[in-house]
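Shown next, in structure tokens, is the structure this report addresses.
Protein chains in written order, with my numbering: chain C, 1 to 488; chain D, 1001 to 1339.
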């Protein structure tokens, strides 16, 4: 039994955790629910010894503990799997497990066996001599989890574990959590997805602005109640997309680029095409080819009679195309540069040799206010923005030029409810004005909500396109998995 | 800003303490030696001019490192570029020495810049086209540069009047970078100052400077918005090389009066350290270069008048860089902890 009493942690003027009392009981899955920046991760990092609390105590089995470092927390049987993994990609799975194998100085064969035991239980098919760099995101998470189990953690903290997983991998993770709890361990699941709560939580604690605003057994709360607790008000889902007009604008024929092969489809003005599929089935290549980042080896994509593809491997994205790349922090901004520069990136090559930066800063401030980027500070480094605000910054840049086609990759991944709503509004507004939208997502419910049609990719090809009213979860899952896949 | 000033003060105190310990070790009175050093570096007109003479090639080499560093390239090739610049400039001088005229000096300077640009550009092309690590390639090109100069001054360019001493004929006045105020300080110092101002305006305020920073921070995003990493790698390496080439021809023509081996007293490496210490800032590189120049000039004077070993200046220079980098590291860690 772990008990946090009156725990406070402030960063500068911001009280990230503001007087929290929390009880973590063995044999239970606790879902710690809240929007981005609600203080969930900070609270758990206090428990894991990453930061010392400014005030309050942490008691383990009734004794107050000073967890001054993760090593101290690990010694108390607390393990954490971070959202951004801490494995060494250049080492093999076995070597990564070795790095944190605490039990012995000399490594004998029998130690190897017990070190790999938890991994074998979690993922029997995983070869421990494989390099971590070659693993999928889901597999890496399993290795992280095995590492935590190796320290005999009685309390396992998972930070947003499903944010990076495909639906199949997510279901498998839920299946792994239940036996952990059955063994008498405590599991804390940090999340902002309601689906995680309903799937495997015993108890749910909702945080908002550093405080706990609701705590109850998971069965006693409806999704609507939880959302209201998270965002402080009931938020209606955004409206459906308008019906597209008949005029065809985008024609893609036989497009082959990287892992995407022989892609063909047409989009009418105002139409939203959702693209679903298990990660790594050519979606990224298709998105980059459509955005004009990746040069195609065959085929064409024509918008209003002119090709949008990159030729001869050089040149900028077509100005008519807005591109929202996957993981904008890595792929969409130059993080150390100011928001002003990041907002001007698409126009940079056309600027005069000595741009008027103060005017650019004014324009940036206006644009950030319009897209609700907070704080709307034109001198702030883009990296200092939170995930949702960074995504809105990329949207602001890409949409300020009135694009005719938007290619959006997982635009709401990792965002909270309010930011997700803002992203939806932006993209659907654009479609409402007659632009075409190609929307990549692994969230099938999101696609069924926003798209007119949903294409499913497998092995680099589009294996089916369903109109939204026929696109049930079951039907999409069948297309994604393919004929030979086992049902998880 | 206050924190930066504090770090500089701390570095100075640490350096003075360690330097005093060094003088004690070699059996000299520390306080008196330190005082003498300041006098020999900045005490009178002559000392100051010698300091600037030493600071000039260091500052030019620092600029040659900073320009590619704005794109994130770590070049250590200023020395090789300096040698090849001097070699190319000397070639122009030798070709034009028969028909002298006012045009000879500009032609010699342009030749030196072209030579340095070529040497930097080679590393740039290797990086841009086939991904050769620029640090390794510039390091190796340094050896080639030094040895190429040796090849010519021991060989076809050796002045027979020198009776076996390996050097070219003296630079005629028309091909010599002019000196200032009758001292050994030469116009290369002014060129370096212009380089500081131009570099600051150009790479900090201009679109081009921002483009380099975007590519340094995120090459993928730069590529997405149409910026050309490969071209910029070649351009920045070539510009850096051209600046180092100027340092080379100034040393050969104005200081040594002829091209001969041992042209650079480690100016390239010192320039690299200055560039690093300045945080790749054009503005900071200038005062740091003058400080290092003063240290070298004072070391020379101490060797003559106070009978300290010849290596003392080098030892002190090493101590200065080591303390400054260590204090900068400590300051950064403190900043990260508090921030």
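Here a beta-carbon is modelled for each residue, glycine too, at the ideal position from N, C-alpha and C.
It should be emphasised that the depicted structure is a prediction, and the values quoted were computed from it without experimental measurement.
Not one beta carbon of chain C lies nearer than 9 angstroms to the beta carbon of residue 1159 of chain D. Here the region 412-423 of chain C does not lie against the region 328-344 of chain C, with fewer than 3 beta-carbon pairs under 8 angstroms apart. Residue 1228 of chain D and residue 124 of chain C have their C-alpha atoms roughly 46 angstroms apart. Spatial neighbours of residue 1178 of chain D in its own chain (CB-CB distance under 7 angstroms, excluding positions within 5 residues in sequence) are listed in chain order as 1186 and 1187.
The residue among C:301, C:274, C:176 and C:229 with its C-alpha nearest the C-alpha of residue 257 of chain C is C:301.
Considered as a whole, the region 189-264 of chain C harbours 203-208, 211-217 and 248-257 as its complete beta strand (DSSP E) runs of no fewer than 3 residues, in chain order. Boundaries cannot be given for residue 1163 of chain D, as no beta strand (DSSP E) includes it and DSSP labels it neither H nor E.
For residue 45 of chain C, the enclosing alpha helix (DSSP H) stretches over residues 40-47.
Judged by DSSP secondary structure, residue 445 of chain C falls within the alpha helix (DSSP H) whose first and last residues are 444-450. With a cutoff of 9 angstroms on beta-carbon distance, residue 1293 of chain D and residue 1052 of chain D are scored as near each other. Comparing alpha-carbon positions, the option among C:395, C:459 and C:413 lying closest to residue 430 of chain C turns out to be C:395.
Residue 1101 of chain D places its beta carbon 9 angstroms or farther from that of residue 1252 of chain D.
Residue 1205 of chain D belongs to the set of residues whose beta carbon lies under 9 angstroms from a beta carbon in chain C.
Taken in chain order, the complete alpha helix (DSSP H) segments of 4 residues or longer contained in the region 1246-1325 of chain D are 1267-1277 and 1282-1305. Shortest Cα-Cα distance from residue 405 of chain C to any of C:271, C:468, C:465 and C:348 involves C:271.
By the rule that beta-carbons nearer than 9 angstroms mark a contact, residue 1213 of chain D touches chain C. Between the C-alpha atoms of residue 55 of chain C and residue 189 of chain C there is a straight-line separation of about 24 angstroms. For residue 1172 of chain D, the closest of D:1213, D:1130, D:1096 and D:1181 by C-alpha to C-alpha distance is D:1096. Residues of chain C whose Cβ lies closer than 9 angstroms to the Cβ of residue 1131 of chain D do not exist, since the nearest Cβ in that chain is about 15 angstroms away. Out of C:228, C:242 and C:226, the CA that lies nearest to the CA of residue 432 of chain C is found in C:242. Within the region 369-427 of chain C, the complete alpha helix (DSSP H) segments of 4 residues or longer fall at 387-399, listed in chain order.
Closest in alpha carbon position to residue 1164 of chain D, among D:1260, D:1238, D:1213 and D:1127, is D:1260. A residue is called buried when at least 16 other Cβ atoms come within 10 angstroms of its Cβ; residue 1013 of chain D does not meet this threshold and is exposed. Taking 9 angstroms as the CB threshold, residue 1174 of chain D stays off the interface with chain C. Secondary structure at residue 165 of chain C: coil, using DSSP grouped into helix, strand and coil. Chain order gives the chain C residues near residue 1226 of chain D as 315, 316 and 349, where near means a beta carbon separation below 7 angstroms. Counting only residues of its own chain and dropping the five nearest sequence neighbours on each side, residue 1315 of chain D has a CB closer than 8 angstroms to the CB of 1022.
Annotation: Cβ neighbours of residue 1220 of chain D in chain C (cutoff 7 angstroms, chain order): 331. For chain D, none of the residues of the region 395-410 of chain C brings a beta carbon within less than 7 angstroms of one of its beta carbons. Under the three-state reduction of DSSP, residue 23 of chain C is assigned to strand. Within chain C, the C-beta atoms nearer than 8 angstroms to that of residue 1217 of chain D come from 334, 335, 336 and 337, in chain order. Here the region 61-70 of chain C does not lie against the region 136-144 of chain C, with fewer than 3 beta-carbon pairs under 8 angstroms apart. For residue 345 of chain C, the closest Cβ of chain D is nearer than 9 angstroms. In its chain, beyond the 5 residues on either side, 1070 have a beta carbon closer than 8 angstroms to the beta carbon of residue 1213 of chain D.
For residue 89 of chain C, the closest alpha carbon among the candidates C:130, C:209 and C:74 is that of C:130.
Annotation: the continuous beta strand (DSSP E) that includes residue 59 of chain C extends over 55-60.
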